[in-house]
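Okay, structure first, notes after.
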Amino acid sequence: MKIAVIGTGYVGLVQGTCLADSGNDVVCVDKVEEKIIGLRQGRIPIYEPGLSELVHRNFKDGRLKFTTSLAEGIADAELIFIAVGTPQGDDGGANLGGVWAVGEEIARHLSADDESKTIVIKSTVPVGTNAELARRMSQLTDVPFHVASNPEFLKEGAAIEDFTKPDRVVIGVRNPEVAEKLHELYAPFLRTDRPFLVMSPESAEMTKYVANCMLAVKISFINEMANLCEAYQADINDVRRGIGHDQRIGFHFLHPGVGYGGSCFPKDVRAMVHMARSKEMPSLMMEAVDLVNEAQKTVLPRKVTEYFGGVEGLKGKTIAVWGLAFKPKTDDIREAPALVLIDAMLAAGASVRAHDPEAMPNVQEIYGDRVTFCERPYDCLNQADALAIVTEWNEFRNPDFEIMHRLLRNPVVFDGRNLYDPERMTEHGFTYYGIGRS
Ligand code: NAD
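To convert, note that position 324 of the sequence shown is 323 in numbering that gives the first Met the number 0; the numbers rise steadily by one, no gaps.
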C-alpha cells in the first residue's frame, strides 16, 4: 500500500518505518527540515532500540522516503496517517493546532482525480476530534475522503516490538470498507491472533485516554501506598508481593518510584481532566492522580535535602545523578522527574554530576554547563556527597558496590527506583534510602 505519515517523531517514525518494513511504500513528512535532511543522511533524531537499523535498511531499499512537502508526501497515498504532537494546551486540554493544520493542508491538496483517500488520526486526540476534523476538511474541499481513528499504544523503549506485536489494534471508523483496508495493512502484525478491534471513532479516541489514565492511576496509587508504608515502617516491596499474587490485582505497573513523566501520561491525564470538566463532570480521580504524581516527583529531592539538614546544608555539596530520561531505553526527557531533582539541587547551591546512557545531550540543551555530564556512571561518583538514582537503566541494577563506596565522598544512596536491597546496601557500608521502605 502507499502510505503517508505526517509527523516524524517517536510515533510517526516508528510507524512509517515498521510499515515500510512490511512491504508498503511509505513517505514520512515533517515540517522540521533539519530532521528530514538528517534522516535522508542516515541520522536518526531519537534513540529507540532497533529503529536505526530498520530505517537504514528500508530507506536504502527505497520503501521509506522523507520529505518536508506534505503535497508530495500525500500525492500517491491511499492512507494518510496524522502523527503530529498533541501537547498540553494552556487550559490543560490537548492542543490540536497541529492536527487541524495538517488536516486542512491535506484537504487543500486532495485532487478530484484521486480515489477517496483515508486520513487516519494516530495522534492521541480528545473525543470528537475525528468528527471535527472531517467537518473542517469538508469546508475546504468537495473531494470525498474518509477520516478514521487509530490510536497508538506503543511504549518508548520498546516501540518496534510494540508496533510489530501489538496487544491489540484499535480502529475507529464510520465505514466498513475503511476498516477492511486498515485490517489488510495491519494483518502482518496480527498473525498470532492479536485482536483487531473495530469501533466508532469516539470510542477509539476514548480508549486511548482510558488506557493511559488507567496506567497513571496504577502508578500514582502504588506511589501513595509506598509513602504510607514509609510512614508506618512497612516495606512496599513486601506489600507488592502481598497484593500482586492476587490475580485480580497482579504485579504490572505497580512499581513505586519517582512519579511518571514522558510525553504522554502527564498530558493525557490532564486532557482527560479537561474533557471531564467540559462536560461538567469533574474527574476527581484523574485530578488526584495528577496531584499525587506531581508530589511524587518531589519525594527524592526532599529526601536528599532532609538528609543534608535542609536547603542550607546542600550548599556546596555535589550530588551524583544516575538516569535522566523519563524511563529506560529512551532519550526522551519530557516531564522527566530527573529535571525536578536537578532544579532543586541547583537552586540549593549544590553541584550536579549526571550520567544517562542516551539522554545527556537533551538535558545538556536545558542546563548547559550548569550540570557536569559524565560519560560513565562511576565518573559521576568521584567526590560526590550522595548518589540519587532516578531512571532504572539496566546498567545501574548490578553495579560494583565496592567501587561506588570508594568513589563517593559520602556513601549515601537515594534509590528512586528501589533497585537495591536495603540490607545488602547496609552490609556494603552505605546509608540507603529507597521509596516506601522502612
Ligand atoms: P513528537 O513530538 O516526537 O513528534 C511529532 C512530530 O510532528 C515532530 O517531529 C514535529 O516536527 C511534527 N509536526 C508537527 N506539526 C507538523 C506539521 N504541521 N507538519 C508536519 N510535521 C509536523 O511526538 P510523538 O511522541 O511522536 O507523539 C505524537 C502523537 O502520538 C501525540 O499525540 C502523542 O500523544 C501520541 N503518542 C505518543 C506516544 C509516545 O510514546 N511518544 C505513544 C502513543 C501515542
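C-beta atoms are modelled at their ideal positions from N, C-alpha and C, and glycine is treated no differently.
Counting only runs of 3+ residues, the beta strand (DSSP E) found wholly inside the segment 138-223 occupies 144-148, 168-171 and 195-198, in chain order.
Here the C-alpha atom of Gln138 lies approximately 40 Å from the C-alpha atom of Thr329. Per the C-alpha coordinates, the member of Cys373, Asp289, Ser148 and Met359 positioned closest to Ile218 is Asp289. Taking the Cβ atoms as the reference, Pro150 lies roughly 6 Å from Thr206, within the contact range of under 8 Å.
C-alpha of Phe152 to C-alpha of Phe195: approximately 13 Å in a straight line.
Between Asn417 and Asn236 a beta carbon distance of about 6 Å is seen, short of the 8 Å cut, so the two are scored as contacting. Ala270 is a Cβ neighbour of Pro125, given a cutoff of 8 Å. Taking 8 Å as the cut-off, the beta carbon of Phe250 is found closer than this to the beta carbon of Gly243. Between Ile388 and Gly22, the alpha-carbon positions lie close to 42 Å from each other. By the neighbour-count definition (other C-beta atoms within 10 Å, threshold 16), Ile35 is a buried residue. When C-alpha distances from Thr425 are compared across Asp267, Thr304, Arg190 and His404, the shortest belongs to His404. Bounds of the beta strand (DSSP E) holding Val26 are Asp24 to Val28. Asp414: member of the beta strand (DSSP E) spanning Val411 to Asp414, first to last residue. Annotated three-state conformation of Arg352 is strand, per DSSP.
Here Val291 has Ser219, Asn222 and Glu223 as same chain residues with Cβ atoms under 7 Å from its own Cβ, once five neighbours each way along the sequence are excluded.
Residue pairing of Leu386 in beta bridges, as defined by DSSP: Ala319 and Val412. Distances between the C-beta of Leu153 and the heavy atoms of the ligand NAD include at least one below 7 Å. A distance below 6 Å between beta-carbons, with the five flanking residues on each side excluded, links Ala225 to the following residues of its chain, in chain order: Ile235, Pro255, Ile434 and Gly435. Here DSSP, grouped into helix, strand and coil, assigns Phe400 to helix. Annotated as proximal: Pro376 and Glu394, with beta-carbon spacing under 8 Å. By DSSP's assignment, Leu63 forms a beta bridge with Val25.
Residue range Phe264 to Ser277 is occupied by the alpha helix (DSSP H) that includes Lys266. For Ser122, the CB falls within less than 7 Å of some heavy atom of the ligand NAD. By the Cβ-count criterion, Arg42 is exposed, with fewer than 16 other Cβ atoms from all chains shown falling within 10 Å of its own Cβ. Residue nearest to Ser68 within the set Arg369, Leu95, Asn129 and Ile5 is Ile5 (criterion: CA-CA distance). In the structure shown, Tyr431 adopts extended strand secondary structure according to DSSP, grouped into three states.
When DSSP assignments are scanned along the segment 300-345, the uninterrupted stretches of alpha helix (DSSP H) that are 4 or more residues long and fall wholly within it turn out to be 310-313.
Relative to the ligand NAD, the beta carbon of Cys228 is positioned no closer than 7 Å to any heavy atom.
According to the DSSP secondary-structure assignment, Phe395 is paired through a beta bridge with no residue. In this structure, Gly261 places its C-beta atom within 8 Å of the C-beta atom of Arg333. With fewer than 16 other Cβ atoms inside 10 Å of its own Cβ, Ile248 counts as exposed. Closest in alpha carbon position to Asp60, among Asp24, Gly309 and Gly84, is Asp24.
DSSP, read as helix, strand or coil, puts Gln14 in helix. Sixteen is the threshold: since fewer than 16 other Cβ atoms of the shown chains lie within 10 Å of the Cβ of Gly428, the residue is exposed.
Taking C-alpha positions only, Phe264 is separated from Glu160 by approximately 20 Å.
Pairing Val197 with Ala178 gives a Cβ-Cβ distance under 8 Å.
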